[in-house]
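First residue of the sequence shown: 67, per our numbering; consecutive thereafter. Scroll down for the structure; my scribbles are underneath it.
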Amino acid sequence: MNKVRVIGHRGAAGLAENTIAAFEEALRQGADGIELDVRQTADGRLVVVHDSVVGDRAVQNTPYADLIASEAGRSIPLLEEALEKFGKSTVIDIELKTGGFESEAAELIRQYTNPEKMVVSAFDAKALLVMHDVLPEVQLGYIYNRTQDEEARHHAPIDVVIPQFRLASRELIEDVHDQGLEVWAWTVNDDAEISRLLRLGVDGLITDYPAKVVAAVKG
């Protein structure tokens with residue numbers, strides 16, 4: 067049995083999410099990798115941020131310099147900063163919050179990481195298809211949080227199925243494993259859910275509390 071991967075969700079709880087400090091803390095706690103969110107600014111920079119609006123500014127309509135000039139945006143790193151710091155030493159689950167900048171992301175992944183060790187994930191299977199075209203060596207992860215969206219995982223050449231943890235059933239995990247793919251569940255913080263998913267044979271747990279999950283994996 068392969069070791070279950072522990073992935074720090076936007077880093078680790080207790081620090082500002084999606085920051086270099088939060089990623090460092092997740093790894094300090096023993097995480098095997100980190101998950102981060104990516105959006106594109108008005109001037110084409112790729113930034114590590116979850117929400118579409120920071121303060122009162124829409125990320126896609128705001129130049130990077132203006133975004134980080136605000137109190138709310140000052141800790142937002144560029145994707146290239148995160149990849150340069152962590153991309154050669156750890157697994158990174160790079161979630162594309164929207165499509166449209168796959169080529170730019172692929173260029174940075176090539177420049178700063180070992181692409182075959184990275185995972186690019188999205189809720190949008192079309193974005194994953196584009197990523198496969200521009201960076202075929204990278205692993206792809208399909209994220210979903212509604213049962214009716216599961217079918218879309220068959221529409222892209224994915225490597226990792228990433229369901230919201232409540233949807234990670236024994237049937238799903240066995241089916242995905244039969245296809246030679248992995249299941250990473252998100253966001254898993256509850257002790258009972260951690261235990262349930264480990265019993266079912268999940269391959270990865272995306273969590274806000276890496277140290278707790280690392281301890282559970284070690285048994």
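Glycine is no exception: its CB is placed at the ideal position from the N, C-alpha and C atoms.
- A281: member of the alpha helix (DSSP H) spanning 276-284, first to last residue.
- Judged by DSSP in its simplified three-state form, E83 adopts coil rather than helix or strand.
- One Cα belongs to K278, the other to T213, and the distance between them is close to 28 Å.
- When the beta-carbon positions are compared, R123 and G99 stay at least 8 Å from each other.
- Burial is judged here by how many other beta carbons sit within 10 angstroms of a residue's own beta carbon; Q177 has fewer than 16 and is exposed.
- Contact check between the segment 163-175 and the segment 142-151: three or more CB pairs, one atom from each, fall below 8 Å, which counts as touching.
- Our two residues, Q126 and F167, have alpha carbons roughly 11 Å apart in a direct line.
- In the same chain as N255, and ignoring 5 residues on each side of it, the C-beta atoms closer than 7 Å to its own belong to T273, D274, Y275, in chain order.
- Setting aside the 5 residues that flank it on each side, E248 is surrounded in the same chain by D225, V226, V227, V242, D269, G270, each with a C-beta closer than 8 Å to its C-beta; the list follows chain order.
- If only complete runs of 3 or more residues are kept, the segment 109-195 shows the beta strand (DSSP E) at 112-114, 157-162, 185-188, in order along the chain.
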